[in-house]
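Order-wise, the sequence lines are chains G and P.
Take 1 as the starting number for the first sequence in this note's numbering and just add one per residue.
Take 1001 as the starting number for the second sequence in this note's numbering and just add one per residue.
All C-beta atoms, glycine included, are put in the ideal place defined by N, C-alpha and C.
Reviewing the structure listed below.
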Amino acid sequence: EPEVTQTPSHQVTQMGQEVILRCVPISNHLYFYWYRQILGQKVEFLVSFYNNEISEKSEIFDDQFSVERPDGSNFTLKIRSTKLEDSAMYFCASSEVKFYSNQPQHFGDGTRLSIL
Amino acid sequence: DAKTTQPTSMDCAEGRAANLPCNHSTISGNEYVYWYRQIHSQGPQYIIHGLKNNETNEMASLIITEDRKSSTLILPHATLRDTAVYYCIVHSGAGTALIFGKGTTLSVSS
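Rendered as structure tokens:
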């Protein structure tokens, strides 16, 4: 069964450094998403992306975050200048587009980001 | 905030049916009921979704009340591997956020 893949599984970065988290969504999916989960807390929505544009974003997704689809298969989340509070699991998800039908989002297994 | 209410935790014996309830009394006409689960720190796993009819797939059944204000996820024969946090989410459409609450922690024991 096709799945969303994320790399790396664990990323350790010094505070203030830039980090890029990578995702390969399911191949025929056109909506892409990023979520995060701080240890022991709820899964939180960051951003959704469709047709090379941000479709929706949360208050968490401020100017230090950006997303990009650099080629036909990858979807990335960049954090420009990391802070200690950015330490979390980051999940990528994707979903199909089918008109008149609501399609589920399928998640990857996440990247654990640790900021030192 | 999540638009659903779920019990914090439930227990189930292995091999028995697990029935997980969810209240969503403010659900809108175009919102679907989705169920996901999260095993340990893995990514949320999609289970099933429905609008107003009951649904069944290889993993579970979803029973939605006629007024759509509540639903029940049924795992017909729970196994130890079904131990997870189960999330009930109401969701309106593609590209929009899934709003996760705290979910129900289901513990399956032998």
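Check this for me: beta carbons of residue i and residue j, under 8 Å apart or not?
| i | j | result |
| --- | --- | --- |
| T1008/P | H1024/P | no |
| G1050/P | I1064/P | yes |
| P8/G | T82/G | no |
| A1002/P | G1101/P | yes |
| F107/G | P1044/P | yes |
| A1097/P | F45/G | yes |
| V24/G | S55/G | no |
| P104/G | Y1034/P | yes |
| G1015/P | A1078/P | yes |
Any idea what DSSP makes of residue i, helix, strand or coil?
| i | result |
| --- | --- |
| D109/G | coil |
| R36/G | strand |
| E68/G | strand |
| L1106/P | strand |
| R1037/P | strand |
| E85/G | helix |
| L21/G | strand |
| D62/G | coil |
| D1001/P | coil |
| D1011/P | strand |
| L1080/P | helix |
| S1043/P | Looking at the sequence itself, residue 1043/P is Gly, so the reference to Ser does not match. If DSSP states are grouped into helix, strand and coil, G1043/P belongs with coil. |
| A1094/P | coil |
| I26/G | coil |
Please go through the same chain and pick out, in chain order, the residues whose beta-carbon is closer than 6 Å to the beta-carbon of residue i, but skip the five residues on each side of it.
| i | result |
| --- | --- |
| I1039/P | A1084 |
| R80/G | E18 and Q64 |
| K78/G | I20 and S66 |
| C1022/P | T1004, Q1006, S1071 and C1088 |
| I1099/P | A1002 |
| E96/G | H29 and Q103 |
| E1055/P | I1048 and L1062 |
Ordered along the chain, which non-local residues of its own chain (more than five positions away) have a Cβ less than 7 Å from that of residue i?
| i | result |
| --- | --- |
| S87/G | L113, S114 and I115 |
| Y1036/P | P1044, Q1045, Y1046, I1047, Y1087 and I1089 |
| L84/G | M15 and I115 |
By alpha-carbon positions, which one of the options ends up nearest to residue i?
| i | options | result |
| --- | --- | --- |
| V67/G | Q41/G, Y90/G, K83/G and S27/G | Y90/G |
| Q6/G | N102/G, K98/G, S94/G and N51/G | S94/G |
| Y1087/P | A1094/P, T1072/P and E1031/P | T1072/P |
| E53/G | Q103/G, E96/G and F75/G | F75/G |
| K57/G | S73/G, Q41/G and Y33/G | Y33/G |
| P1076/P | L1062/P, R1068/P and Y1034/P | L1062/P |
| F99/G | E85/G, Q14/G and Y31/G | Y31/G |
| R36/G | I26/G, V4/G and V47/G | V47/G |
| F49/G | C92/G, V4/G, I38/G and D109/G | C92/G |
| N51/G | R69/G, D109/G and V4/G | R69/G |
Closer than 8 Å by C-beta to residue i: which residues in its own chain qualify, once you throw out the five before and the five after it? Chain order, please.
| i | result |
| --- | --- |
| M1010/P | A1018, L1020, T1104, T1105, L1106 and S1107 |
| Y1032/P | H1049, G1050, L1051, V1090, H1091 and S1092 |
| Q11/G | V19, L21, T111, R112, L113 and S114 |
| K1069/P | N1023, H1024, S1025 and I1027 |
| A1060/P | W1035, I1047, I1048, L1073, I1074, L1075 and P1076 |
| N1053/P | I1064 |
I want to see whether chain A comes within less than 8 Å of residue i, judged by CB atoms only; does it?
| i | result |
| --- | --- |
| G1043/P | Among the chains of the structure shown, chain A does not appear; the protein chains present are G and P. |
Inset, instruction - Could you please tell me which residues of the region 1085-1100 of chain P, in chain order, have their CB closer than 9 Å to any CB of chain G? - result: Y1087, H1091, S1092, G1093, A1094, G1095, T1096, A1097, L1098, I1099 and F1100
Inset, instruction - Please name the residues in the region 1047-1060 of chain P whose beta-carbon is closer than 8 Å to at least one beta-carbon of chain G, in chain order. - result: H1049 and L1051
Legend entry - Interfacial residues, the region 95-114 of chain G to chain P, with Cβ spacing under 7 Å: S95, V97, N102, Q103, P104, Q105, H106, F107, G108, D109 and G110
Legend entry - Interfacial residues, the region 30-45 of chain G to chain P, with Cβ spacing under 7 Å: Y31, K42, V43 and F45
Legend entry - Contacting positions in the region 60-89 of chain G - beta carbon closer than 8 Å to chain P: Across the region 60-89 of chain G, CB contacts with chain P closer than 8 Å involve M89, in sequence order along the chain.
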